[in-house]
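**Q** Dumping the structure here so I can ask a few things about it.
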Amino acid sequence: METTFKVYRFDPENGSKPDFATYQVDLPDSATVMDGLRQIRDEQDPSLAFRASCERGSCGDCALRINKKGRLGCSLKIAKTVKNGVVTVEPIRNIPVLKDLVYDLEGFLWKKIKSVQPWITPREPEPEGEYVVAEEQLAEVRKAMSCVMCGLCDEGCAVIKIDKDFVGPAALTKAYRAVFDPRDGQHDERLTLVSEPGGVWDCTHCFEANGHCPLGLEPTDRLFEVRDEAIRQGIRSGTRNPKVQRHYDSFLNSVKRSGWLDEGRLAIESEGLTNVAGLAKLLPTVIRAIPKGKAPLPYFHHKRPGAEAIRRIIDKAQRSEV
Amino acid sequence: MPKYDVLIVGGGVAGLQAALAAKYAGVQVALLSKTHPLRSHSATSSDGLNAAFGGDDSWQQHAQDTIRAGAGLCDHAAVEEMCRAASDDIIRLDHIGVPFNRNAEGKLDRWTLGGHTSSRTVFSADMTGHAVLNTLHEQCMREDIPSHEEWLATSLVVEDGCCRGVLALEIGTGNLEAFSASAVVLATGGAGRVYTPSTASQSCCGDGMSLAYRAGLGLRDMEMVQYHPLGFCERAAFASEGALGEGAVLCNSDGQPILQTDDLPLRDALCRSLASAENGATLDFRSIGKERIGARFLYLERAANDMAGVSLDSAPLPVMPRMHRVLGGIQTDTNGATAVSGLFAAGECASPGVHGANALTGNALTASVVFGRRAGSAAAAHASNSSPQAIADSALPDTRRTLEAIFSRPTAGDTVVTIQRALANTMAEHVGLVRDEAGLQEAARCVADLQARYTQVGLRHHGKMYNHELLTFYELGALLDVAGAIVTAAQERQESRGVHHRSDFPTANEAEEPYHSLVTCGPDGPSLATSPVNAGQSG
């Protein structure tokens, strides 16, 4: 099968700007995109750089953007992706490119994975033999652990695109593996850790991670399950960040009082009533908002219809938490 | 110059085990690896880990099965060490988070593999290597073990019979650096790319075997090259042999079963039988059912779909034998120690003597876990009793000059890729499942010719960053060393034993005591010696 490969090229050594180069390859129908790249490098242009290791979808090293979709190059047949005889290959997005199709995963993936401390600390008392655990419990952990750390879920993530500090679905799938492993002795500590800003609560529910995972591991759902577990365990977001805590308290108290959100109160209480510098920072926003009628007076928030029912629901929920 | 007490070269299962063991022993340890550890070939290991967990099984029975499979070439002390230690190592892996499959009682489930007289293989679906690798990597993160990734060790620094460290090339920048260490553990993995087709990852180039060989050490039992019976026909992937114990049926091209699942044979016999089957074979999972396939063959279900276009619950998967691993390697003792003081080796690049002439399925990963740990501990103990010596200032400039000379070679004619392809094809054709004198002579001639061409080959690309041609140049050098050792040892062994099958000598030579082959780097190429097999128990 003759195919045209349009390949992203960038070589900082020669000072040229990024561009696409075109190559013709002729490979059997069973060939993968990685076979095509290899043929180019081996027979046409030895300067082409890309990563590849296991050649069978086990290691995640060859994640690339192929015809505008994040894919593993070794597991994707040319015949399945080729459009009008052309395969376009680029590095994945939102990541520093080092050379051609090689990109820097250190800050994008590896540091974030380490930041969720995804290691198991054996739960006490540590048994002499194996932990006795139901297969059903470990099956989901095993599935989450089959993640090959290709980074494609992070590549598709709508939040990382604008907030590089969000740890992202790959690291949080790794966190899931530890949170739901019944052998782990640091369950609550990890939940607390990933409930901090930049963690599970920064996801905006776009479900892009699910769509981008080449293994069908549904990272968005895993992340949601970690959230649910944090709620079940009564672990609040931002326990290591007083501002976040104040934000949550204010939000809840506002809804409990009036049935909806008192934005003025939320802004003030989040900064802290005694935090003069923080409150001063709000002033320019308030000044801009007043002429447009967007600065309601805090604490004089009228109740919405049904506010009493909402209060009762919250009361009941709080009693059940206790 | 980075300085460590212990430097681990290679980030697969054996390397990570060694790194953790050294760290727990309290020394300063670092990893240096050609790929990120999670991209290591260990991730493809699918069969599981072997250990006796009581009941009707015992470590002695595991040892007997191992020795029987090894066809007279197992070092009994090494086998004993592995079989005794395996259960504790596996329990430790369970405690730090490997999600091994559970039985109805919530205990470790086990499957039955060929050559085992008991069900003793614990597994994490068909991704045990991946799960162990990830779990060990988590613990290495926890221990903050420094990791130099995408560095290729280009040579060992050995002075006065002691290993002082390594010289290494940073693949991303082309920089050369000397890493000084009181002890070095080679855990660089196998050499599967010396053949095609094979199940090898791109990284399996015998790097560590070659480093040791060039440092004067012997490579043991290199003629023992194992094939995997259940390889994909067009890709490096393979099905776990656990499939056969789980009820998948191996069939001929007419769909007729060709194997009784209640008496699973060893790999070598199965491979030779499959290789002689006309029109190929298939592995049929349909009787297992979709749910069980999903629970136990997580990887294969996806790989068969993506790479072979087969849905396992509705169609059989075409399979064929593919070269899988070189069973031999750097000669070590049961602590991973080599004949060079301060140099240790573990994992697929090493030969502590457990596999003999045929590895029992599941023993390879088990050996990496057990001997990786032992090598790390022994290296730490060695380092604690010595202090790192600075590497001579001349070492790096010498290597730079060598590199400049390589870059200045003319580029007409051969490329590193053409030589590598010719080598892998030669090995598959003449040093494969069945060998004979004429084929081995032809292989020896070809390898020598390719070695000569390698000394002249030029590089077309002179960039420093991610210069894959330069990386291939180094890897090809290692592959040629490994090929030379395999062919030399295979020529000398005029008998059939284990995976080494000679059509001109179809039986084992019972008239002589079994012996290990030991190939060293002589002035005129590979030089062969033999050594007796240690068939006694350890103290």
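Listed in order, the protein sequences are those of chains A and B. 1 is the number of the first residue of the first sequence in our numbering; add one for each residue after it. 1001 is the number of the first residue of the second sequence in our numbering; add one for each residue after it. Positions of the beta carbon are idealized from the N, C-alpha and C atoms, including for glycine. All of these numbers come straight from a predicted model, not from anything done at the bench.
What is the residue span of the alpha helix (DSSP H) that F1473(B) lies within?
**A** Note, F1473(B): alpha helix (DSSP H), 1468–1492.
**Q** Contact check, Q1456(B) vs R1409(B) under 8 Å by CB: the rounded distance?
**A** Yes, they are in contact, since the Cβ atoms of Q1456(B) and R1409(B) sit about 7 Å apart, within 8 Å.
**Q** Between the Cα of R1543(B) and the Cα atoms of A1187(B), Q1202(B), C1271(B), D1414(B), which residue gives the shortest distance?
**A** A question about residue 1543(B) goes unanswered here, because the residues of chain B that appear run from 1001 up to 1539.
**Q** Taking 9 Å as the threshold (C-beta atoms), are S1384(B) and A1019(B) in contact?
**A** Not closer than 9 Å, so no.
**Q** I'd like to know whether the C-beta of P122(A) is nearer than 9 Å to at least one C-beta of chain B.
**A** By this cut-off, P122(A) is an interface position.
**Q** Closer than 9 Å by beta-carbon distance: list the chain A residues that pair up with M1465(B), in chain order.
**A** Ordered by position in chain A, the residues that pass the 9 Å Cβ test against M1465(B) are D11, P12, E13, A49, L98, K99, V102.
**Q** Considering only their Cβ atoms, is the gap separating D61(A) from R51(A) smaller than 9 Å?
**A** Yes, these two residues count as a Cβ contact at 9 Å.
**Q** For the beta strand (DSSP E) containing R1302(B), list its first residue and its last residue.
**A** No beta strand (DSSP E) contains R1302(B), which is instead part of the alpha helix (DSSP H) from 1298–1308.
**Q** Residues in its own chain within less than 7 Å of H1516(B) by CB, not counting five upstream and five downstream?
**A** For H1516(B), where only same-chain residues beyond five positions count, the Cβ hits under 7 Å are L1073, R1220, D1221, T1530, S1531, V1533.
**Q** Would you call G1539(B) buried or exposed, if buried means 16 or more other Cβ atoms sit within 10 Å of its Cβ?
**A** Since pLDDT at G1539(B) reaches only 41, below the 50 mark, its modelled position is unreliable, and no value is offered.
**Q** Examine chain B for any beta-carbon lying closer than 9 Å to the beta-carbon of R177(A), and answer yes or no.
**A** By this cut-off, R177(A) is an interface position.
**Q** If you run the structure through DSSP and keep just helix, strand and coil, what is V285(A)?
**A** Just to set this straight, residue 285(A) is Thr in the shown sequence, not Val. T285(A) falls in the helix class under three-state DSSP.
**Q** Would E135(A) pass as an interface residue toward chain E - the criterion being a Cβ-Cβ separation below 9 Å?
**A** Chain labels in this structure do not include chain E; the protein chains are A and B.
**Q** By how many angstroms is the C-alpha of V1499(B) removed from the C-alpha of S16(A)?
**A** Computed Cα separation, rounded: 53 Å.
**Q** Taking 6 Å as the limit between beta carbons, can you name the residues of its chain near R1460(B), skipping five residues before and five after?
**A** Taken in chain order, the residues that qualify are T1411.
**Q** Whether or not the region 1336–1344 of chain B and the region 1368–1385 of chain B are in contact is what I'm after, with contact meaning three or more pairs of Cβ atoms, one per stretch, closer than 8 Å; do they touch?
**A** Taking 8 Å as the limit for Cβ pairs, the verdict is that the region 1336–1344 of chain B does touch the region 1368–1385 of chain B.
**Q** Report yes or no: is there a C-beta of chain A within less than 9 Å of the C-beta of A1232(B)?
**A** Note on residue identity: the sequence assigns Phe, not Ala, to residue 1232(B). Yes, because at least one Cβ of chain A sits closer than 9 Å to the Cβ of F1232(B).
**Q** Less than 8 Å between the CB atoms is what I'm expecting for D1089(B) and V1370(B), so what's the real figure, rounded?
**A** The Cβ separation is near 6 Å, so the contact holds.
**Q** Beta-carbon separation of R177(A) and A144(A) under 9 Å?
**A** Yes, Cβ-Cβ distance for R177(A) and A144(A) is below 9 Å.
**Q** On the DSSP bridge list, what partners appear for R1435(B)?
**A** Paired residue(s): R1502(B).
**Q** Here's a check: name, in chain order, each residue in its chain whose Cβ is nearer than 6 Å to the Cβ of S1042(B), leaving out the five neighbours to either side.
**A** Hits under 6 Å: G1012, V1013, G1129, L1133.
**Q** Going by the DSSP bridge assignment, what does G211(A) pair with across the sheet?
**A** In the DSSP output, where bridge partners are listed per residue, G211(A) has none listed.
**Q** Which residue or residues does DSSP assign as beta-bridge partners of I1008(B)?
**A** I1008(B) pairs with L1031(B), V1185(B).
**Q** Check the Cβ-Cβ distances between L76(A) and every residue of chain B, and say whether any is below 9 Å.
**A** L76(A) counts as touching chain B.
**Q** Which same chain residues, not among the five before or five after C54(A), have their C-beta less than 8 Å away from its C-beta?
**A** These residues qualify, in order along the chain: D61, C74.
**Q** Measure from the C-beta of A1043(B) to each C-beta in chain A and report whether the shortest distance is under 9 Å.
**A** Yes - at least one Cβ of chain A is within 9 Å of the one on A1043(B).
**Q** Applying the 10 Å Cβ sphere with the 16-neighbour rule, what's the burial state of H302(A)?
**A** H302(A) comes out exposed.
**Q** Would you give the residue range spanned by the alpha helix (DSSP H) that N1252(B) belongs to?
**A** Note, N1252(B): premise wrong, no alpha helix (DSSP H); beta strand (DSSP E) at 1249–1252.
**Q** Compute the beta-carbon to beta-carbon distance between M1209(B) and V1482(B), rounded to the nearest angstrom, for a pair I have assumed lies under 8 Å.
**A** Yes, M1209(B) and V1482(B) are in contact; Cβ-Cβ is about 6 Å, under 8 Å.
**Q** Determine the direct distance from the alpha carbon of D1414(B) to that of S47(A), and round the result to whole angstroms.
**A** So the alpha carbons of these two residues sit roughly 17 Å apart.
**Q** Would you check if the distance between the CB atom of L152(A) and the CB atom of L72(A) is smaller than 9 Å?
**A** Cβ distance < 9 Å, so L152(A) and L72(A) count as in contact.
**Q** Are at least three pairs of beta-carbons, each pair with one atom in the region 1167–1175 of chain B and one in the region 1070–1085 of chain B, less than 8 Å apart?
**A** Judged by Cβ distances under 8 Å, the region 1167–1175 of chain B makes no contact with the region 1070–1085 of chain B, as fewer than three pairs qualify.
**Q** Which same chain residues end up closer than 8 Å to V194(A) when comparing Cβ atoms and leaving out the 5 residues on each side of it in sequence?
**A** Result list for V194(A): V116, V167, L172, A175, V179, V200, V226, A230, in chain order.
**Q** Would you mind sorting H1382(B) into buried or exposed? The rule is 16 or more other CB atoms within 10 Å of its CB.
**A** Looking at its Cβ environment, which holds 16 or more other Cβ atoms inside 10 Å, H1382(B) is buried.
**Q** Give the secondary structure of E126(A) by DSSP, where H, G and I count as helix, E and B as strand, and everything else as coil.
**A** Note: E126(A) maps to coil in three-state DSSP.
**Q** Using 9 Å as the limit for Cβ to Cβ distance, is Y1299(B) near chain A?
**A** Cβ-Cβ to chain A under 9 Å: yes for Y1299(B).
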